[in-house]
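Scroll down for the structure; my scribbles are underneath it.
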Amino acid sequence: MTAPSITLTEQMLRRRPVIGAPVAHGASDHLKRTIGTFQLTMFGVGATVGTGIFFVLSVAVPGAGPAVVVSFIIAGIAAGLAAICYAELASAVPVSGSTYSYAYTTLGEFVAMGVAACLLLEYGVSIAAVAVGWSGYLNKLLDNLFGIQIPHVLTAAPWDSAPGWVNLPAIVLIVMCALLLIRGASESAAVNTIMVVIKLGVLAMFAIIAFTAFQADRFADFAPFGVAGIGSAAGTIFFSYIGLDAVSTAGDEVKDPQRTMPKAIIAALLIVTSVYVLVAVAALGTQPWQEFENQEEAGLATILDNVTGSTWASTVLAAGAVISIFSVTLVVMYGQTRILFAMGRDGLLPARFAKVNPKTMTPVGNTVIVAVIVSILAGLVPLDKLADMVSIGTLVAFMIVSLGVIILRVREPDLPRGFKVPGYPVTPVLAILACGYILYSLPWYTWIAFSAWVAVALIYYLLWSRHHSALNDGGDGVIATAAPGVEDVEVIGPPRDAS
Amino acid sequence: MTVVVGYLAGKSGTAPLHLAIEAARTLRTSLTVTTIVPKPWTTPSPARIDAEYASWADQLAADSAKEAHRYLSVVAGDLQITYHSHAHRSVSGGLVEVVAERGADLLVLGSSANGQLGQVVVGSTADRLLHSSPVALAISPRGYRGARTGVLARITCGYPGTPESVDVVRRIADLATRLEVPLRVITFAVRGRTMYPPEVGLHAEDSILAAWETSAREMLAKLRSDGVVGDDVALQVVSGNGWDQALDAAEWLDGEVLALGTSPRGDIARVFLGSRGTKIMRHSPVPVLVLPG
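Residue numbers (the working numbering), protein chains in the order written: chain A, 546 to 1044; chain B, 245 to 537.
What follows is the structure, encoded as C-alpha cells:
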C-alpha cells in the first residue's frame, strides 16, 4: 500500500467515524434498554470481585502493613471516578472495542494506538498475573486433596525470589482458556457464568470463618511504612478493581442511564470496596502483618488453615480460587483477543488478527498468538513485578478516558450523551489526579518497562499501521478487499447495532 | 437401488414413511420398509426357553409390517414396496447390514419422540448412524406429513466454508441438476453469547459476526466464480443470535430439504456429522439429508 497523501499530523489526529449515521440515529437502532440499577450493580460486583483478592494480600500487605485497608479504599475511589468518566464516553460513542475504540473515534489514531498499547499491556499482563496466582492455589488444592505437590521448579519463574524453571500450571491454565475461547464464544460465556457464581460464595465463606479468629491488637502498628507505603500498595491493589469499568460498557442497554449509571457504579464500588475491606480486615485480624510475606502462594487458604486448625475450609477456598481465577483468566483473555480483533479490522494490525475461523466462528489465529505470548510472560516473570504492570496500563488508559471526557465536552458540546458525568469539570480532573497519585507511587522499573512498551507500539504505528490503516482508502478495510460477485450473495439476519 | 426406511410400529409415527415415499418417488426407485428386531438366543436348546422371546420378536416385525402396509397402501399405491425384518442386536447395526444387503442408496429415519413437533430430534439410533452410515441418511422432523405439493421444491445446501466442504456443494449441485430442482447454498453465521463481565463492551461479538459474514459472502461468491454452482443458484448468508434464530431466518419452502455434508477424518466414505452440523440439524424445520464424506 502506498503512503497516504495527507500529512503525518493529520494522519495521527484523524478519527474513525462512528459507522453509519451520527450517534443520535444509532440510538434508535440499539438493543432494548432493559437493565435496571440493581442488575447493573450486580453486574459490576460480579465483574470486579475475584480478580485479585485471592492473592493480592500477600503482595500488598508487606508493603503497607495493616494500612492496606486504606490502600483498598484509595484504589477503589480512583477506579470509581474513572468508571464514571468511562460511562460518559461509552454513552456518547456507542461502538464496541472498549477504550481503544472510544479513543479512536474521539481523540484520533495516534492516541488510539497509545491506548491500545495500554490495554494490551493491561489485559496481557493481567492474564499472566492471575494465571501465576492460579498455580499457588492449584498446588494448595492438590496438597489438601491428594497430598501431592507440583515440584517448586515447575511452579516458579526463573527470576522469582526462589527461582525455578518455569511456571507450568500458569501455562496450562492459559492453554485451557485458549482452547475454550477457540471452541466458541457461547461455550466460553456459559462456562464463565457458572464459575462467577462459585467464586462469590467462596469469598463469603472466607470472611465468616476468618472473623472467628479476629484479634484487634494485630492492627496496633497500623501504618509501618507511612503514606508512601499506602500509595504503593494502592497501585498494586488497583488491579483488583478492574471490572468496575465493565458497568459502563452496558451504557446502551440501561434504563434511564442518567440516573442509573452513577447509582450503579457507586453502589458497586461501595459493595466491592466493603467486600475487599472485610476480607482484608478479617485476614489481618488472624495473624501479624509480617507473616503475609511468607504466604506468597495461596495466601487466603493458608490463613484459613491456621484459623480452623484443619484443612477442609482451605480446601474449599482453594477450589473456589482455582475456579474463580480460571474465570478471570478466561474473561480477560477474551477481552484481549477482541481488542486485537478490532485493531486488525481497523487496519492498525495485520489482517490476520481479524480473521474468523469458519468452523468455530472465533478468531482462532488471534487467540493462539495471545496464548503463546501470555504463556511466556506467565511462565517466566514473577508475580509481584507483573501486578504493577497491570496497574500502570489501566491507570494510563483511565486517565486518557477522563481526559477524553473533557476534550469531547469542549469540542462536541452538543453531541447527544446518554449519560453525563455528575459534577463535570471536577470529577474527571479528580479521576486524573487520583490515577496520577497511584501512578506516581509505582516503582521506577515499572515506569521504564511501560514507557518502552508504549514507545514500541507508537514506533510500530509510525512504521506500519499508518500506512495500512483502513481509513487510508476511505472505506472499511474488510469490505474493500471483497471478491467479485459478492453483491449477489444475500445476507439475512436479525437487526443489530452498528459496530 | 432402493430407499430403506427404518420403521417400528408405535415409534416416531408415520413421519419417516412420508419422507421415504417422497424420496422414493423423487429418485424413481423402490421402497424397503425395514424393522430391526432383537436377535433371540441362537444356541439350540431342547427346553426352548427362548421360544416366547423369539415369537415376541416375530410378532413385533409382523405388527410393524402390517401397520406400515396399512398406511402405505393408501398413500403410496404407485410405489413398489417390500417389507422386511432383520434380526440384529443393535438397531443401527442392523440397518447398516440391510443397507449393504439391498444395495440401498438412501436410508430414511424418523425423529425421536422426545422433542418438539416439527423439529428434527436425533434419537439414539439416528445418532449412531450419523457417525457410521455408509450411505446418505435422511431424517424427518417430528410429525412430518410430507409436502402438500408432493414434490421436492428445493434443496438447500449448508456450506461451512471449509475447503473440504466445496466437494459436498459440488455433489449436491449435481444432485439438484439431476433431479431438476432449484438449489440454494446457505452459510450460517451465529453470534457468540456476550461474555460477562464484558471487559470489552457488550458488542464485541457483533464485530466478530460481521467479519465472519463478510468472509462468508466472499467464500460463497467464490463458489460461483469457481464454477462449483451455476448462476441460477441462490447464495445466502443467514445469521442469528443462536442456531434456532438463524435457521428460522432462512425462509423455507414447502417440500424443501436441507442437505449437509460430512467430513470424516479417515479413508472410509461414511456419514460422520460434526458438532456444527449437529446443531444445524437439530434446529432444522425441514427434513435433513446428510451425505457421507
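Every residue gets a Cβ at the ideal spot worked out from N, C-alpha and C, and that includes glycine.
Remember, it's a predicted structure, so these values are computed and weren't measured experimentally.
Please report the distance separating the alpha-carbon of Ile619(A) from that of Val820(A). Position 74 of the first sequence, counting from 1, holds the residue named residue 619(A). Position 275 of the first sequence, counting from 1, holds the residue named residue 820(A). Their backbone Cα atoms lie some 14 Å apart in a straight line.
Just list the residues that DSSP pairs Gln480(B) with in beta bridges. Here residue 480(B) corresponds to residue number 236 of the second sequence, with the count starting at 1. Partner residues in the beta bridge of Gln480(B), as assigned by DSSP, are Glu1035(A) and Ile430(B).
Under DSSP, the beta strand (DSSP E) around Arg398(B) begins and ends at which residues? As a first step, residue 398(B) is located in the second sequence; it is residue number 154 there, counting from the start. Arg398(B) -> beta strand (DSSP E) spans Arg398 to Gly402.
My understanding is that Phe764(A) touches Pro611(A), with C-beta atoms under 8 Å, so please give their C-beta distance in whole angstroms. Numbered from its first residue, the first sequence carries residue 764(A) at position 219. Numbered from its first residue, the first sequence carries residue 611(A) at position 66. That pair is a contact at about 5 Å.
Is the beta carbon of Thr647(A) sitting closer than 8 Å to the one on Gly968(A)? Locating residue 647(A) in the first sequence gives position 102, where the first residue counts as 1. Locating residue 968(A) in the first sequence gives position 423, where the first residue counts as 1. It should be noted that the sequence gives Tyr, not Thr, for residue 647(A). In this structure, Gly968(A) does not lie closer than 8 Å to Tyr647(A) by Cβ.
Should Pro441(B) be flagged as near chain A, meaning a C-beta pair shorter than 8 Å? In the second sequence, residue 441(B) corresponds to position 197, counting from 1. Yes, because at least one Cβ of chain A sits closer than 8 Å to the Cβ of Pro441(B).
Does the pairing of the region 804-822 of chain A with the region 621-634 of chain A give three or more beta-carbon distances under 8 Å? yes
For Ala662(A), tell me which candidate among Arg1011(A), Leu975(A), Gly938(A) and Gly780(A) has the shortest Cα-Cα distance. Taking the first residue of the first sequence as position 1, residue 662(A) is located at position 117. Closest option to Ala662(A), Cα to Cα, is Gly938(A).
Counting only the same chain and skipping the five closest in sequence on each side, list residues whose C-beta sits under 8 Å from that of Ala380(B). Within the second sequence, numbered from 1, the residue matching residue 380(B) stands at position 136. Excluding sequence neighbours, Ala380(B) sits near Asp349, Leu350, Leu351, Val515, Leu533, Val534, Leu535 and Pro536.
When burial is assigned at 16 or more other CB atoms within 10 Å of the CB, is Met245(B) buried or exposed? The sequence position of residue 245(B) within the second sequence is 1, counting from 1. Burial call: exposed.
By Cβ distance below 6 Å, which residues in the same chain neighbour Ala976(A) in space, the five residues on each side in sequence not counted? As a position in the first sequence, residue 976(A) is number 431, starting the count at 1. Taken in chain order, the residues that qualify are Leu626, Ala627, Cys630 and Ser947.
Same chain only: Cβ atoms within 7 Å of Arg520(B), ignoring 5 sequence neighbours per side: Taking the first residue of the second sequence as 1, we reach residue 520(B) at position 276. Within the same chain, Arg520(B) has close Cβ partners Pro404.
At a Cβ threshold of 8 Å, is Val482(B) touching chain A? As a first step, residue 482(B) must be located in the second sequence, where it is residue number 238. Answer yes: the Cβ-Cβ gap between Val482(B) and chain A drops below 8 Å somewhere.
Which two residues bound the contiguous beta strand (DSSP E) that contains Ile325(B)? Walking along the second sequence from the start, residue 325(B) turns up at place 81. From DSSP, the beta strand (DSSP E) with Ile325(B) extends over Ile325 to Ala331.
Checking contacts by CB at 8 Å: is Ile265(B) closer than that to chain A? In the second sequence, counting from the first residue as 1, residue 265(B) sits at position 21. Not one chain A Cβ lies under 8 Å of Ile265(B).
Contacts of Asp1033(A) in chain B (Cβ-Cβ under 8 Å): Taking the first residue of the first sequence as 1, we reach residue 1033(A) at position 488. By Cβ distance, chain B contributes Ala465, Arg468 and Leu479.
Pull up the distance between the alpha-carbon of Leu396(B) and that of Leu724(A), whole angstroms please. Here residue 396(B) refers to the residue found at position 152 when the second sequence is read from its first residue. Here residue 724(A) refers to the residue found at position 179 when the first sequence is read from its first residue. When rounded, the distance between both Cα atoms is 42 Å.
If you draw a straight line from the C-alpha of Tyr327(B) to the C-alpha of Arg526(B), how long is it? Locating residue 327(B) in the second sequence gives position 83, where the first residue counts as 1. Locating residue 526(B) in the second sequence gives position 282, where the first residue counts as 1. Roughly 29 Å between the two C-alpha positions.
As assigned by DSSP and simplified to three states, the class of Asn911(A): As a position in the first sequence, residue 911(A) is number 366, starting the count at 1. Asn911(A): helix per DSSP, three-state reduction.
Please report how far the alpha carbon of Val277(B) lies from the alpha carbon of Gln480(B), in whole angstroms. In the second sequence, counting from the first residue as 1, residue 277(B) sits at position 33. In the second sequence, counting from the first residue as 1, residue 480(B) sits at position 236. Rounded to whole angstroms, Val277(B) to Gln480(B) spans 37 Å at the Cα level.
Might you give, ordered along the chain, the residues of its own chain that have their beta carbon closer than 7 Å to the beta carbon of Ala809(A), omitting 5 neighbours on each side? Counting from one through the first sequence, the residue named residue 809(A) turns up at place 264. So the list reads Thr582, Leu585, Thr586, Gly589 and Val792, once near-sequence residues are dropped.
Flag Pro895(A) as yes if its beta-carbon sits less than 8 Å from any beta-carbon of chain B, otherwise no. Position 350 of the first sequence, counted from the start, is the residue given in the question as residue 895(A). So no, Pro895(A) is outside the interface.
Same chain, Cβ closer than 6 Å to Gly776(A), five either side skipped, listed in chain order: Position 231 of the first sequence holds residue 776(A). The answer, listed in chain order, is Ser986.
List the whole-angstrom C-beta distance separating Val741(A) from Gly880(A), where the pair is believed to meet the contact cut-off of C-beta under 8 Å. Here the question's residue 741(A) lines up with position 196 in the first sequence. Here the question's residue 880(A) lines up with position 335 in the first sequence. Rounded, the Cβ-Cβ distance is 15 Å, inconsistent with contact.
Touch check for the region 951-961 of chain A and the region 998-1017 of chain A: three-plus C-beta pairs under 8 Å? no
Rounded straight-line distance, which links the Cα of Leu845(A) to that of Phe943(A): For this step, residue 943(A) is matched to residue 398 along the first sequence. For this step, residue 845(A) is matched to residue 300 along the first sequence. Approximately 30 Å, taken between the alpha carbons.
Can you list the alpha helix (DSSP H) stretches of 4 or more residues lying completely in the region 354-397 of chain B, in chain order? Taken in chain order, the unbroken stretches of alpha helix (DSSP H) that lie wholly in the region 354-397 of chain B and span 4 residues or more are 368-373.
Which residues, in chain order, does the region 735-753 of chain A contribute to contact with chain B at a C-beta distance below 8 Å? Ala735, Asn737, Thr738 and Val741
Across which residues does DSSP place Gly278(B) in a beta bridge pair? Here residue 278(B) refers to the residue found at position 34 when the second sequence is read from its first residue. The displayed chain sequence assigns Thr, not Gly, to residue 278(B). Bridge partners of Thr278(B) according to DSSP: Gly250(B) and His328(B).
Please work out which residues of its chain come closer than 8 Å, Cβ to Cβ, to Thr805(A), disregarding the five sequence neighbours upstream and downstream, and give them in chain order. As a working note, residue 805(A) is residue 260 in the first sequence. Only Ile580, Gly581, Thr582, Leu585 and Val799 meet the Cβ criterion.
For Glu500(B), the residue or residues it bridges with in DSSP: By one-based count along the second sequence, residue 500(B) stands at place 256. DSSP links Glu500(B) through a beta bridge to Arg398(B).
With 16 as the cutoff for other CB atoms within 10 Å, does Asn712(A) come out buried or exposed? For the purposes of this step, residue 712(A) is taken as the residue at position 167 of the first sequence. Burial is judged here by how many other beta carbons sit within 10 angstroms of a residue's own beta carbon; Asn712(A) has at least 16 and is buried.
Indicate the three-state DSSP secondary structure (helix, strand or coil) for Thr700(A) in the structure shown. As a position in the first sequence, residue 700(A) is number 155, starting the count at 1. Of the three classes helix, strand and coil, the one that applies to Thr700(A) here is strand, per DSSP.
CB contact below 8 Å: Thr907(A) versus chain B: As a working mapping, residue 907(A) is identified with position 362 in the first sequence. Chain B, which has a Cβ nearer than 8 Å to the Cβ of Thr907(A), makes this yes.
Which residue from Ala605(A), Leu634(A), Gly608(A) and Val594(A) puts its Cα closest to that of Gly963(A)? Taking the first sequence and counting its residues from 1, the one referred to as residue 963(A) is at position 418. It is Leu634(A).
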